[in-house]
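Numbering (the UniProt record's numbering), first residue to last: 1 to 595.
Every residue gets a Cβ at the ideal spot worked out from N, C-alpha and C, and that includes glycine.
Fair warning: this is a prediction, and the values are worked out from it, not measured in the lab.
Below you'll find the structure, written out as structure tokens, and then a few comments.
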DNA sequence: AAAAAAT
């Protein structure tokens with residue numbers, strides 16, 4: 001039996017060999033973005049779509065200066081390069097891989113050829129806000145520019161997904177956006193395309209950093225809650241930005257900072273980062289946010305929850321970033337609890353709220369099962385599942401299993417136990433080194449170790465093709481976390497299976513879980529319904545169990561507002577009795593379950 | 001109580 005996965009391991013190891021960060025050597029010759037890939041003179045007068053801030057020590061080059069200097073402290077001869085796009089292009093590592101055909105094959109298989117658009121056809125959409133730009137049906141309807149269009153073709157994006165159809169025109173119209181969209185439905189492109197396009201057509205600006213300070217001034221900042229998600233966004237964005245002249249750099253903790261500093265010094269237009277490392281870079285004055293025109297928060301509700309909020313506030317409000325209105329802000333997530341929407345509105349200006357999808361449509365793609373399993377029986381129960389899968393040939397490269405546990409120690413313990421029992425597994429969690437984390441993820445993706453035991457570090461955003469089964473070995477305390485976890489399967493319109501082990505320890509989740517499953521047309525076991533009926537009204541840890549289907553614009557709920565007291569309304573959120581308390585007065589199934 | 005995120 002060993003041979004089957006061993007063979008896979010050999011194959012996939014070979015295939016996967018080149019995927020590490022082996023960027024081709026590229027010389028640190030700086031070319032300002034407005035001089036790259038464009039007709040040298042004519043386009044330097046392109047109007048800026050969004051009002052660009054002009055901080056005090058920044059000189060806006062809004063005149064007819066054809067010889068616009070670099071935005072950072074690069075050698076003055078730098079613009080010798082930009083006059084032909086070819087000169088630069090040759091130096092840019094090809095994010096599609098060495099051979100385009102091979103890359104296209106791998107890429108298409110991963111994300112796009114495979115998108116089952118039928119699964120998204122009927123998805124309901126809600127927008128609110130004034131003068132919302134209408135959706136488009138094709139990429140061709142939007143003027144994203146030839147270079148970007150070419151990358152879209154390279155990615156085999158045939159037509160936009162629903163979130164892209166709606167979000168891109170709204171972003172291109174310059175509006176702030178709070179967007180909810182299903183897991184795996186193309187969020188990254190939805191905020192990347194407008195950013196790349198906007199930077200390409202933007203007015204060249206330059207600044208004069210203090211002498212000797214190697215500060216860089218990105219035009220766009222994309223924040224995400226985990227390092228691996230930042231890496232993923234970076235890789236994807238690089239594909240979209242290929243040969244556009246727009247440079248994308250990633251910065252996250254746990255990795256040597258020096259390489260990241262060198263990447264930054266070569267110039268950055270879009271910075272993808274995790275909060276901690278970014279704060280470090282800001283405090284070292286290696287990065288300034290003065291020139292930020294676009295701010296995107298991926299997994300925005302996570303970024304604004306208790307653990308992250310102070311850091312995000314520091315970055316967005318207490319450094320040198322232009323205020324709302326002077327930048328364009330885009331928040332994306334699958335789940336958007338009301339209280340988080342309230343926090344988020346601090347970062348937004350006259351925003352459009354957009355929600356695409358609902359429980360009961362896209363999440364139909366995920367079959368959810370809940371099984372009552374005592375703590376002491378969990379391992380043997382998991383073993384039964386895995387043996388059954390093995391017997392059915394559901395394993396290996398095309399059928400990965402992702403097992404979520406509650407604790408880091410628990411993850412290690414389960415991994416060892418699985419390996420001892422001849423199920424090749426690896427683990428990812430915050431106690432592992434970054435190297436180990438990245439290796440684990442690669443090994444899982446490649447099918448080398450078709451079982452990954454993970455903490456919530458892997459719950460959000462990660463796009464791992466071929467995850468056939470998500471097992472909630474330990475259920476999370478928060479239903480939104482559950483939604484994100486199971487969203488690691490059933491992506492791009494494909495089907496997936498999610499199994500949860502439930503016992504008395506999860507009583508507080510019962511109601512929310514039962515509701516969610518019902519809304520997604522899943523079979524709810526009777527015992528779980530009874531549990532749900534018994535459990536307390538929305539209180540306790542799962543305060544969102546009532547109001548959490550919060551992918552509804554809080555601004556629309558004026559009739560429920562409690563005398564305008566935004567901060568002290570927690571007591572009214574519990575969902576006691578009155579219909580307004582539970583689910584904010586809208587029935588089940590309005591929205592939710594998205595990335 | 002736990003997880004994540006800077007060194």
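Within 10 Å of its beta-carbon, does residue i have 16 or more other beta-carbons around it, so buried, or fewer, so exposed?
i           : result
residue 302 : buried
residue 131 : exposed
residue 398 : exposed
residue 506 : buried
residue 481 : buried
residue 190 : buried
residue 376 : exposed
residue 388 : exposed
residue 186 : buried
residue 596 : Any answer about residue 596 is impossible in this case: the structure gives the chain only from 1 up to 595.
residue 606 : Outside the displayed span of the chain (1 to 595) sits residue 606, for which this structure offers no information.
residue 338 : buried
residue 454 : buried
residue 504 : exposed
residue 306 : exposed
residue 260 : buried
residue 416 : exposed
residue 263 : buried
residue 158 : exposed
residue 393 : exposed
residue 656 : Since the first residue shown for the chain is 1 and the last is 595, residue 656 is missing from the structure and cannot be characterised.
Which residues in the same chain as residue i place their Cβ atom closer than 7 Å to its Cβ, once the five residues preceding and following it in sequence are excluded?
i           : result
residue 412 : 427
residue 383 : 421
residue 431 : 408
residue 514 : 524, 528, 529 and 532
residue 347 : 316, 324 and 329
residue 457 : 226, 428, 429 and 430
residue 486 : 366, 368, 470 and 498
residue 163 : 179, 181, 185, 186, 187, 190 and 356
residue 144 : 193 and 197
Considering only residues of the same chain and omitting the five flanking positions on each side of residue i, which have a CB-CB separation below 6 Å?
i           : result
residue 252 : 227, 230, 274 and 277
residue 238 : 95 and 248
residue 294 : 195, 220 and 328
Does DSSP classify residue i as helix, strand or coil?
i           : result
residue 243 : coil
residue 271 : strand
residue 374 : coil
residue 440 : helix
residue 419 : helix
residue 335 : coil
residue 97  : coil
residue 324 : strand
residue 483 : helix
residue 349 : coil
residue 505 : helix
residue 496 : strand
residue 472 : strand
residue 196 : helix
residue 319 : coil
residue 531 : helix
residue 306 : coil
residue 407 : coil
residue 223 : strand
residue 182 : coil
residue 330 : strand
residue 513 : helix
residue 233 : helix
residue 248 : strand
residue 380 : helix
residue 286 : coil
Whole-angstrom Cβ separation of residue i and residue j, contact assumed at under 8 Å?
i           : j           : result
residue 351 : residue 177 : 6 Å
residue 489 : residue 510 : About 22 Å separates the two Cβ atoms, so there is no contact after all.
residue 334 : residue 492 : With a Cβ gap of about 15 Å, residue 334 and residue 492 do not count as contacting.
residue 218 : residue 136 : Incorrect: roughly 28 Å between the Cβ atoms, too far for contact.
residue 296 : residue 332 : 7 Å
residue 225 : residue 141 : 33 Å between Cβ atoms; not a contact.
residue 342 : residue 554 : 6 Å
residue 464 : residue 445 : 6 Å
residue 179 : residue 354 : 4 Å
Leaving out five residues before and five after residue i in sequence, what residues of the same chain have Cβ atoms less than 8 Å from its Cβ?
i           : result
residue 440 : 426, 427, 428, 432, 449 and 452
residue 406 : 455, 474 and 476
Inter-stretch contact (C-beta, 8 Å, three-pair minimum) for the segment 373 to 389 and the segment 461 to 473: In the pairwise beta carbon analysis, the segment 373 to 389 is classified as touching the segment 461 to 473: at least three pairs are separated by under 8 Å.
Sufficient close CB pairs (3 or more, under 8 Å) joining the segment 182 to 197 to the segment 157 to 171: They touch, by the three-pair rule.
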